[in-house]
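Here the structure comes first, spelled out in structure tokens, and everything after it is commentary.
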Amino acid sequence: MRLARAGFKVYAMDYEGHGKSKGLEGYIRNFDHLVHDVSSHYVSICERDENKRKMRFLLGESMGGAVGLLLARQKPDYWDGAVLIAPMCKLAEEIKPHPMVISFLTKLTRYIPTWKVVPSNDIIDVAFKESHIRKQVRENGYCYKGRPRLKTAHQLLLVSLDLEKNLHQVTLPFIVLHGEEDKVTDKDAHIDGQVGYSEEFIENSRGIQLLTCKWFPVNQEPRALIFFCHGYAIDCSTTFKDVASKFAKEGFSVYGIEYEGHGRSSGLSVYIDNFDLLIDDVSSHFSNISEMGENTKKKKFLMGESMGGAVVLLLHRKKPAFWDGGILIAPMCKIAEQMKPPRMVLSVMNMVTNLIPSWKSILSAPDIINLAIKLPQKRQEIRENPNCYIGRPRMKTMSELYRVSVDLENRLHEVTMPFIVLHGEDDKVTDKDASKLLYEVSTSNDKTLKLYPEMWHSLLFGEPLENSEIVFSDIVQWMQTRITTLHVKAHNNEAKS
0 MRLARAGFKV YAMDYEGHGK SKGLEGYIRN FDHLVHDVSS HYVSICERDE NKRKMRFLLG
60 ESMGGAVGLL LARQKPDYWD GAVLIAPMCK LAEEIKPHPM VISFLTKLTR YIPTWKVVPS
120 NDIIDVAFKE SHIRKQVREN GYCYKGRPRL KTAHQLLLVS LDLEKNLHQV TLPFIVLHGE
180 EDKVTDKDAH IDGQVGYSEE FIENSRGIQL LTCKWFPVNQ EPRALIFFCH GYAIDCSTTF
240 KDVASKFAKE GFSVYGIEYE GHGRSSGLSV YIDNFDLLID DVSSHFSNIS EMGENTKKKK
300 FLMGESMGGA VVLLLHRKKP AFWDGGILIA PMCKIAEQMK PPRMVLSVMN MVTNLIPSWK
360 SILSAPDIIN LAIKLPQKRQ EIRENPNCYI GRPRMKTMSE LYRVSVDLEN RLHEVTMPFI
420 VLHGEDDKVT DKDASKLLYE VSTSNDKTLK LYPEMWHSLL FGEPLENSEI VFSDIVQWMQ
480 TRITTLHVKA HNNEAKS
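Using numbering that gives the first Met the number 0, you'd call the opening residue of the sequence shown number 0 and step up by one each time.
In structure tokens:
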């Protein structure tokens, strides 16, 4: 009423199962459907002749703030601005459940989605300061006052995690208003300024322009440095950006480089003439960053996925004592026995490669995207990404990947750095037994193996959110433990000297 008196026309909508709308009370089966309902109604209002030239603002409080952000994500250029009042866009750290709990909830919701089994504090008592307002809400027959239903709580949890992960994508003008003493939503959920990003092209020793990128926490000193090595045929600047931003929000600076012929770097598309030269490029760039004045005392972790895992192992071999640890995600470090070609085929392949190294293989190959990525929408993202290659591999590239895999398999015992290797048990791209072998035969005194039932190859990008959260949490926890241990060792060494 006060906004209307101030000259604004205000439209509102009771969601399904809320207020006077029909549906099971307080039950949210699918938050996307809720957002679709609201979007459809509000857009139809905006498209009326009398409204087409008027400015359009979204206003949302608490969960409504999340709805506003998702409406803006759905139509980024449609709305003129948003007013977000104590928005639900990040879980406070003290109430964020462990990823294993999230995974358990996900399974439980399949069986008893409508049950009111989620314990919770009295939200009315912690949300409203004035006692007479609390009384009004309690006496309002259209307000739900019971415990949250299991599926509803699960949906709110996933939406909060999704929004927190993608806050950097908010582009519309907005104002956020939050009470300092709010105990319902997190006032520290800043929508801008959490993560900085920069990129630049560097020239390698062969005159090739390579794209490099960096994600970093704003207004705080990084806890440590992560050097990311991407996989075959993809990039890091777009495919890895959400994951990198998430690590930056945890306080890490993340550096990446797109190899020659990959992503936006120069060179014949996904042509690897010599894997050793690729390693030289990556090693040179990552070493230069590590030796900058502000970075010399920071801990340095290599991270690689798939072919990037092979890059990590070869960077370690090149400088065995330089890196503080390695994170190997479904690494390419051994050819599965069932995939090893017979010697005769290898011999023919080598002869053909010498004659036509840059030609694309005439042999049919499985669709790696379908095998690696579980979520269909993520597969589509890769297929539509111009920085990712989706054709058949080139002859010399295949030869180099095979050579490197065999070489790594024969020298896994030489791995001495601390490492964690993470692999999906249903991975059909790289061999989980290779990760087990690495764990068993390496001479590292600090090694961890994590196998994830029912997960595929792309653990951080291609899995459902509740799965990727488990993997992400395991990685952060592993790094934090090593950072603490290394700091203690450094302190003790200083004390002795």
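Ideal Cβ positions, reconstructed from N, Cα and C, are used throughout, including at glycine.
- Secondary structure in the region 161-204: the beta strand (DSSP E) runs of 3 residues or longer, each lying completely within the stretch, are 173-176, 194-202 in chain order.
- Val420: member of the beta strand (DSSP E) spanning 418-423, first to last residue.
- Selection Trp477, Lys395, Arg263 evaluated against Ile233 yields Arg263 as nearest (Cα-Cα).
- Tyr254 carries a strand assignment under DSSP once its states are collapsed to helix, strand and coil.
- A distance below 6 angstroms between beta-carbons, with the five flanking residues on each side excluded, links Ser467 to the following residues of its chain, in chain order: Leu459.
- Remark: C-beta atoms of Cys88 and Leu162 approach each other more closely than 7 angstroms.
- Of the candidates Lys297, Leu421, Lys298, Leu421 places its Cα closest to the Cα of Lys435.
- Judged by DSSP secondary structure, Leu374 falls outside any beta strand (DSSP E); it is assigned neither H nor E.
- Between Ser244 and Leu224, the gap from beta carbon to beta carbon reaches 7 angstroms or more.
- Taking each of Asn218, Lys19, Gly64, Phe321 in turn and checking the Cα distance to Asn139, the smallest one comes out for Lys19.
- Pairing Leu69 with Val175 gives a Cβ-Cβ distance that is not under 7 angstroms.
- For Tyr41, there is no enclosing beta strand (DSSP E); the enclosing alpha helix (DSSP H) has its first and last residue at 30-45.
- Under the three-state reduction of DSSP output, Lys213 falls in the strand class.
- Across the structure, Ala11 and Gln379 are spaced so that their CA atoms are roughly 34 angstroms apart.
- Closest by C-alpha distance to Ile355, out of Asn444, Val158, Lys373, Asp272, is Asp272.
- Leu57 is positioned such that its CB atom lies closer than 7 angstroms to that of Gly67.
- Annotated three-state conformation of Tyr401 is helix, per DSSP.
- Assigned with DSSP and collapsed to three states, Tyr451 falls in strand.
- Per DSSP, reduced to three states, the secondary structure at Glu408 is helical.
- DSSP places Ile334 outside both helix and strand once states are collapsed to three, so it counts as coil.
- Residues of the same chain with a CB within less than 6 angstroms of the CB of Arg55, apart from the 5 flanking positions on each side, are Cys45, Trp78, Asp79 in chain order.
- Under the three-state reduction of DSSP, Leu437 is assigned to helix.
- Counted as a single uninterrupted DSSP element, the stretch harbouring Lys8 is not any beta strand (DSSP E), since DSSP gives it neither H nor E.
- Shown here for Tyr14: same chain residues with a beta carbon closer than 6 angstroms to its own, the five before and five after excluded, namely Leu33 in chain order.
- When C-alpha distances from Leu400 are compared across Cys332, Glu259, Glu180, the shortest belongs to Cys332.
- Within the DSSP bridge table, the entry for Gly324 names Phe300 as partners.
- Leaving aside the five residues that flank Lys449 on each side, the residues in its chain whose CB is nearer than 6 angstroms to its CB run, in chain order, Leu421, Asp473.
- DSSP lists Lys359 as the beta-bridge partner residues of Arg393.
- Residue range 342-354 is occupied by the alpha helix (DSSP H) that includes Val347.
- Judged by DSSP secondary structure, Phe274 falls outside any beta strand (DSSP E) and instead within the alpha helix (DSSP H) spanning 274-289.
- Rounded to the nearest angstrom, the gap between the Cα atoms of Asp432 and Thr151 is 39 angstroms.
- In this structure, the CA atom of Ala3 is about 18 angstroms from the CA atom of Arg52.
- Across the structure, Met302 and Val310 are spaced so that their CA atoms are roughly 9 angstroms apart.
- Looking from the CA of Lys298, the closest CA among Glu304, Arg316, Glu220, Arg342 belongs to Glu220.
- Contact annotation, Ser360 with Pro392: C-beta distance approximately 6 angstroms; criterion of less than 8 angstroms satisfied.
- Counting other Cβ atoms within 10 Å of its Cβ, Asp280 reaches 16 or more and is therefore classed as buried.
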